[in-house]
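Anchor point for the sequence shown: position 113 equals 113 in full-length UniProt numbering, and the numbering is continuous, going up by one each time.
All C-beta atoms, glycine included, are put in the ideal place defined by N, C-alpha and C.
Heads up: the structure comes next, in structure tokens.
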Amino acid sequence: MPSLSRHDPKIKIPNPFLVLVNAMLAQQDVSLNSSTMESPDSPAAAYPPRPTNATPAQYLDYERGLWNHFLLDAAWRRTRFNAQPNALLVEAVRGRATGMALDVNMGEGRNALYLAQHGWQVTGVDIADKALAFAQQRAQQLGVLLTTVEHDVTTYDWGSSQWDLLVLCYADESTHVASVQAALRPGGLVVLENFHRDATHTRGSASGQVIGFATDELKSLYSAAGFEIIRYEEPIGVADFSRETHRLVKLVAQKPKVAASADR
Numbered sequence: 001m002p003s004l005s006r007h008d009p010k011i012k013i014p015n016p017f018l019v020l021v022n023a024m025l026a027q028q029d030v031s032l033n034s035s036t037m038e039s040p041d042s043p044a045a046a047y048p049p050r051p052t053n054a055t056p057a058q059y060l061d062y063e064r065g066l067w068n069h070f071l072l073d074a075a076w077r078r079t080r081f082n083a084q085p086n087a088l089l090v091e092a093v094r095g096r097a098t099g100m101a102l103d104v105n106m107g108e109g110r111n112a113l114y115l116a117q118h119g120w121q122v123t124g125v126d127i128a129d130k131a132l133a134f135a136q137q138r139a140q141q142l143g144v145l146l147t148t149v150e151h152d153v154t155t156y157d158w159g160s161s162q163w164d165l166l167v168l169c170y171a172d173e174s175t176h177v178a179s180v181q182a183a184l185r186p187g188g189l190v191v192l193e194n195f196h197r198d199a200t201h202t203r204g205s206a207s208g209q210v211i212g213f214a215t216d217e218l219k220s221l222y223s224a225a226g227f228e229i230i231r232y233e234e235p236i237g238v239a240d241f242s243r244e245t246h247r248l249v250k251l252v253a254q255k256p257k258v259a260a261s262a263d264r
């Protein structure tokens, strides 16, 4: 069974979780034989490797197809992805007034649909068009409204003072902090879960690409941006993405409310 090609250092991979997908597929190559691949419970066949010398635009198309493939495959959804809403998000919004929410790298919509069911006005952005269509179908079945935008989040305009809640579950990079700070309304909340840098040692690639955040990195970034840190943890736990046990980083932070002006 073919596996994903390794990272070409000349092409930036905006989503570090491609490294994890690659590693999981490599493990799958070793552990699965042709008979187990025929089982309905076995993981999906590997996605074709990226074309040699792909342009950035071609690579973006490739990544879109890859995420459509893995986010919607029934076996991978059972074995590699948490189909339930993120537990940190559920706790963070419990009892909180609803408003406008943006789910960054929404995927198949598990978190966005949960929020919509609880009264939030939700927009989800992702490059995986078929995953977005799947989320819209689920929204119709549930009788809730969901806005979806097909866009690469690295170039997406997050807006200015537009959102009461930003969800970045396995979607964040350190460069997103400025976008979060600008996009949230005063008093708005950001909920973030991701891998700790330790995951690099167990699921990193031969290219040396780094996964996740260093100890206290996120807390420092958001504190420096003026956020109130409501919750910050670095627990060992099962990741929503991969369903493997890793050290994780979990952050809930609030943008300050507008302070009264001292000018008269």
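In this structure, does DSSP put residue i in helix, strand or coil?
i: W91; result: The amino acid at residue 91 is misidentified as Trp; the sequence shows Glu. It is helical.
i: Q162; result: coil
i: R77; result: helix
i: V180; result: helix
i: L168; result: strand
i: Q254; result: strand
i: P186; result: strand
i: N53; result: coil
i: G99; result: coil
i: A225; result: coil
i: N86; result: coil
i: D61; result: helix
By Cβ distance, which residues of its chain are closer than 6 Å to residue i, with the 5 residues on each side in sequence left out?
i: A97; result: none
i: V249; result: N194, H196, F213, L218, E234
i: G237; result: L248
i: G187; result: K257
i: L168; result: V104, L192
DSSP puts residue i in a beta bridge; with which residues?
i: N194; result: V249
i: D152; result: Bridge partners of D152: none, in fact.
i: I236; result: R247
i: V104; result: V125
i: residue 349; result: Because the chain is modelled from 1 through 264, residue 349 falls outside the range shown and cannot be assessed.
i: T147; result: T123
i: F241; result: F81
i: F213; result: H196
Quick one: residues in its chain with C-beta nearer than 8 Å to the C-beta of residue i, no 5 flanking neighbours on either side, listed in chain order?
i: G65; result: Y47
i: N53; result: none
i: Y170; result: F17, N105, E193, N194, F195, A239, D240, F241
i: residue 286; result: Nothing about residue 286 can be read from this structure; the chain reaches only from 1 to 264.
Measure the beta-carbon distance from residue i to residue j and round it to whole angstroms, keeping in mind my assumption that it falls under 8 Å.
i: Q181; j: K257; result: Rounded, the Cβ-Cβ distance is 14 Å, inconsistent with contact.
i: residue 279; j: A183; result: Since the displayed the chain opens at 1 and closes at 264, residue 279 lies outside it and no answer follows.
i: A101; j: L115; result: 5 Å
i: R138; j: G109; result: 6 Å
For residue i, which residues from the same chain have a beta carbon less than 7 Å from its beta carbon, with the 5 sequence-adjacent residues on both sides left out?
i: Q136; result: L146, T148
i: A112; result: D103, M106, V122, G124, A135, L146
i: V30; result: With a pLDDT of 35 at V30, under the threshold of 50, the modelled position of that residue is not reliable, and no figure is offered here.
For the 8 Å Cβ check, are there 3 or more pairs between the stretch 112 to 124 and the stretch 134 to 153?
yes
Would you check if the stretch 160 to 169 and the stretch 125 to 137 touch, i.e. whether three or more CB-CB distances between them fall below 8 Å?
Touching, no, given that fewer than three Cβ pairs across the two stretches are closer than 8 Å.
Inter-stretch contact at 8 Å, needing at least 3 Cβ pairs: the stretch 81 to 95 / the stretch 230 to 247
yes
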